[in-house]
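Structure, as structure tokens:
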Amino acid sequence: MKERLEVKALFVSDIHLGSRYSKAEQFLTFLRSIQPETLYLVGDFIDGWKLKKRFYWNDTHSFIIRRIIGMMKNGTKVKYIAGNHDEFLREFMPNGNLGHLEILDEDIYHTIDGRKLLIIHGDIFDQITRQAKWLYYLGDNAYSLAMWINDLYNTVRRKMGLPYWSLSKKLKQNVKEAVNFINSFEYYIVKHTKECGCSGVICGHIHYPTIKKIENIDYYNCGDWVESCTAIVEHLDGNFELLDF
Numbered sequence: 003m004k005e006r007l008e009v010k011a012l013f014v015s016d017i018h019l020g021s022r023y024s025k026a027e028q029f030l031t032f033l034r035s036i037q038p039e040t041l042y043l044v045g046d047f048i049d050g051w052k053l054k055k056r057f058y059w060n061d062t063h064s065f066i067i068r069r070i071i072g073m074m075k076n077g078t079k080v081k082y083i084a085g086n087h088d089e090f091l092r093e094f095m096p097n098g099n100l101g102h103l104e105i106l107d108e109d110i111y112h113t114i115d116g117r118k119l120l121i122i123h124g125d126i127f128d129q130i131t132r133q134a135k136w137l138y139y140l141g142d143n144a145y146s147l148a149m150w151i152n153d154l155y156n157t158v159r160r161k162m163g164l165p166y167w168s169l170s171k172k173l174k175q176n177v178k179e180a181v182n183f184i185n186s187f188e189y190y191i192v193k194h195t196k197e198c199g200c201s202g203v204i205c206g207h208i209h210y211p212t213i214k215k216i217e218n219i220d221y222y223n224c225g226d227w228v229e230s231c232t233a234i235v236e237h238l239d240g241n242f243e244l245l246d247f
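Heads up: the sequence shown is residues 3 to 247, going by our numbering.
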């Protein structure tokens, strides 16, 4: 059996369990390959929007929950940062706890090298989410359609022996409105990070994984497990890395 990668902390976001577009099998394989001291689920771990509309939950989704419970039993500290797709958890658990699992809106993580990082999903910095939630629901439906087209296209590519290609990623890199949306999101979340007195932020929400500096703030976006299959880790030596699974 392959030895698990031991890390100080693991940060994952936007798994969207409950959506048929979640790359649940890949995420389960990834979880089984790693052993963190601390695990942060940085929002939208469960997709309450999709579950409410049409219930979808298979064995792999359940195995993921069991794996996380197993990690907790083996000493991993797990913190759940609520996002916009799993905001229903705040209503069911107003005290912020489910057994040994902490459910939070945001948190502060102290790195090995002494930095304070804000951990937050990031939906509150999405201007569409804040100003017109109905429009965000409409956009979510359009996104689901894009994922359906993306899956169909990649099924053909696999049969032709071609590698995976992300329609959404291509649009985010090249469409002006998408670029402006990402830039706006980063601007407001960095502003909030400074106000919190932190030197960096780890977030998700926009499904755009990256590690970079913005106005002297360390910006980490975990990405997602619908398209990117990425995660942020802090290694035992204190180095941070964006893992692309």
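We treat Cβ as the ideally placed atom computed from N, Cα and C, and that holds for glycine.
Which same chain residues, not among the five before or five after residue i, have their C-beta less than 7 Å away from its C-beta?
| i | result |
| --- | --- |
| residue 230 | 209 and 211 |
| residue 140 | Model confidence at residue 140 stands at a pLDDT of 42, short of 50, so the residue's coordinates are unreliable and nothing is read from them. |
| residue 9 | 36, 38, 235, 236, 237 and 238 |
| residue 128 | 187 and 207 |
With 16 as the cutoff for other CB atoms within 10 Å, does residue i come out buried or exposed?
| i | result |
| --- | --- |
| residue 158 | exposed |
| residue 135 | Caution applies to residue 135, whose pLDDT of 49 falls short of 50 and renders its modelled position unreliable; the value that the coordinates give is listed next. Exposed, since its Cβ has fewer than 16 Cβ neighbours within 10 Å. |
| residue 85 | buried |
| residue 15 | buried |
| residue 73 | buried |
| residue 61 | exposed |
| residue 45 | buried |
Under 8 Å, do residue i and residue j count as touching if we go by C-beta distance?
| i | j | result |
| --- | --- | --- |
| residue 213 | residue 188 | no |
| residue 13 | residue 224 | yes |
| residue 184 | residue 203 | no |
| residue 18 | residue 124 | no |
| residue 227 | residue 28 | yes |
| residue 71 | residue 42 | no |
| residue 120 | residue 195 | yes |
| residue 7 | residue 24 | no |
| residue 78 | residue 31 | no |
| residue 104 | residue 81 | yes |
Helix, strand or coil, according to DSSP, for residue i in the structure here?
| i | result |
| --- | --- |
| residue 32 | helix |
| residue 17 | coil |
| residue 185 | helix |
| residue 158 | helix |
| residue 226 | coil |
| residue 124 | coil |
| residue 190 | helix |
| residue 65 | helix |
| residue 26 | helix |
Give me, in chain order, the residues of the same chain whose beta-carbon lies closer than 8 Å to that of residue i; leave out the 5 immediate sequence neighbours on both sides.
| i | result |
| --- | --- |
| residue 115 | 240 |
| residue 4 | 35 |
task: Report yes or no: do three or more beta-carbon pairs, one from the region 231–247 and one from the region 111–123, lie closer than 8 Å?
output: yes
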